[in-house]
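Report on the structure given below.
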Amino acid sequence: MENQKVWFVTGASKGLGLTLVKTLLNNGVNVAATSRNLNDLINAVGEHENFLPLAVDLIDESSVEAAVSQTISKFGQLDIVVNNAGYGMLGALEELSDKESRQNFDVNVFGSLNVIRKILPQLRKQQSGHIFNISSIGGFSGNFPGFGIYCATKFAVVGFTESLAAEVKSMGIKATVVEPGYFRTAFLTEGSLVVPSNPIDAYKEVRDSQAVHQNDINNQQPGDPAKAVEVIIEASKSENPPLHLFLGPDAYQVADGKIADVQRDMANWKYLATATNFDEVGA
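Residue 22 is where the sequence shown starts when you use the working numbering, and the numbers rise one by one after that.
Have a look at this one:
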């Protein structure tokens with residue numbers, strides 16, 4: 022029975038994580054979910070017998086370890102992990118300070134790595150499990166002015182998920198990186214999207230991008246979060262789930278464009294760029 026699986030979802034008080042948790046609970050699935058603020062999480066989700074709300078600081082390894090232990094104590098197992106917690110950052114590379122950039126990496130990258138590190142002993146013990154890491158189409162294409170640091174964090178998520186999948190495959194554990202396009206969540210609202218403390222006027226493309234995302238795209242995103250989580254749930258049931266799960270027609274369009282660009286660059290420079298081995302002696 023699929024509802025006997027135990028899910029562990031981070032960043033569950035809003036956005037895709039909240040929609041996923043509500044959908045799972047309504048289907049009778051056992052769910053542990055985390056947020057920085059326990060009251061926010063309980064108020065957003067409500068109380069359910071099959072729900073374990075957890076206040077977790079994802080960049081504190083002991084906090085993550087305690088949450089994993091509580092989940093296993095309550096439900097006896099842990100099967101599907103969704104690393105959803107993260108936030109957006111919009112600013113040119115020159116504008117964003119070292120501190121601002123590192124904070125984005127701490128949450129979007131190292132927070133997920135902490136969860137993976139603490140959860141894998143249980144999955145290895147079970148010889149089963151599935152880890153979903155939520156990246157972005159911005160983790161596949163960085164062609165978004167002002168999103169360089171955010172894209173870099175999401176590229177990192179794609180990279181370590183690919184390695185993770187190869188590392189745990191023989192243990193019966195699966196890994197999927199989810200790369201959504203624009204979905205109608207609170208991602209572009211204040212509190213979820215951080216802008217630089219010291220903007221530089223010269224970056225017109227970045228200011229234009231900021232204005233478009235905050236004023237035009239916010240609350241007008243074409244993607245339905247409820248449909249997105251249904252795809253994730255379906256992938257969790259698959260014997261052969263995708264390593265890369267692009268979500269939304271816009272994500273597919275951007276990915277197709279990036280693949281075509283890479284192939285074009287490779288073809289245009291192939292003659293010179295592949296003539297780089299040592300010359301064979303006597304050739």
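Don't be surprised by glycine CBs; every beta carbon is placed ideally from N, CA and C.
(request) Would you decide whether Ser118 is buried or exposed? Buried here means 16 or more other CB atoms lie within 10 Å of its CB. (result) exposed
(message) Checking 8 Å against the spacing of the C-beta atoms, do Gly169 and Gly163 come in under that value?
(response) yes
(request) Please go through the same chain and pick out, in chain order, the residues whose beta-carbon is closer than 6 Å to the beta-carbon of Val27, but skip the five residues on each side of it. (result) Asn51, Phe96, Gln98, Leu99 and Asp100
(message) Just to confirm, is the Cβ distance from Ala294 to Ile158 under 8 Å?
(response) no
(message) Please classify Gly49 as buried or exposed, where buried requires at least 16 other C-beta atoms within 10 Å of its C-beta.
(response) exposed
(message) Whole angstroms are fine: how far does the CA of Ser259 sit from the CA of Lys139?
(response) 24 Å
(message) For Gln91, which residues in the same chain have their Cβ closer than 8 Å to its Cβ, ignoring the five residues on either side in sequence?
(response) Ala53, Leu73 and Leu75
(message) Under DSSP, the beta strand (DSSP E) around Glu200 begins and ends at which residues?
(response) Ile194 to Pro201
(message) Just list the residues that DSSP pairs Met110 with in beta bridges.
(response) Val215
(message) Can you give me the C-alpha to C-alpha distance between Ala223 and Glu82, rounded to a whole angstrom?
(response) 40 Å
(request) Under the assumption that Ala196 contacts Ile152 (Cβ atoms under 8 Å), give the Cβ distance between them as a whole number of angstroms. (result) 5 Å
(message) So, for Leu144: in the same chain, excluding its five sequence neighbours on each side, which residues have a beta-carbon less than 6 Å away from its beta-carbon?
(response) Gly150 and Ile194
(request) Express the C-alpha separation of Asp286 and Gly32 in angstroms, rounding to a whole number. (result) 38 Å
(request) Verify whether the separation of the beta carbon atoms of Val103 and Leu46 is less than 8 Å. (result) no
(message) Going by DSSP in three states, Val130 sits in which element: helix, strand or coil?
(response) helix
(message) Can you look up Ala54 in the DSSP assignment and give me helix, strand or coil?
(response) strand
(request) Could you please give me the residues that DSSP links to Trp28 through a beta bridge? (result) Val52 and Ile101
(request) Give me the Cα-Cα distance between Gly244 and Pro201, rounded to the nearest whole angstrom. (result) 9 Å
(message) Suppose you measure from the CA of Ala281 to the CA of Gln25; what does that come to, to the nearest Å?
(response) 42 Å
(request) Leaving aside the five residues before and after Phe299 along the sequence, list all residues of the same chain whose C-beta is less than 8 Å from its C-beta, in chain order. (result) none
(request) Drop a sphere of 10 angstroms on the beta-carbon of Tyr292, count the other beta-carbons inside from all chains shown, and report buried for 16 or more, exposed for fewer. (result) exposed
(request) State buried or exposed for Thr297, treating a residue as buried only when at least 16 other CB atoms are found within 10 Å of its CB. (result) exposed
(message) My output table needs one value for Ala276: the three-state DSSP class, helix, strand or coil.
(response) helix
(message) Which residue marks the beginning of the alpha helix (DSSP H) containing Ile254, and which one marks its end?
(response) Pro246 to Lys258
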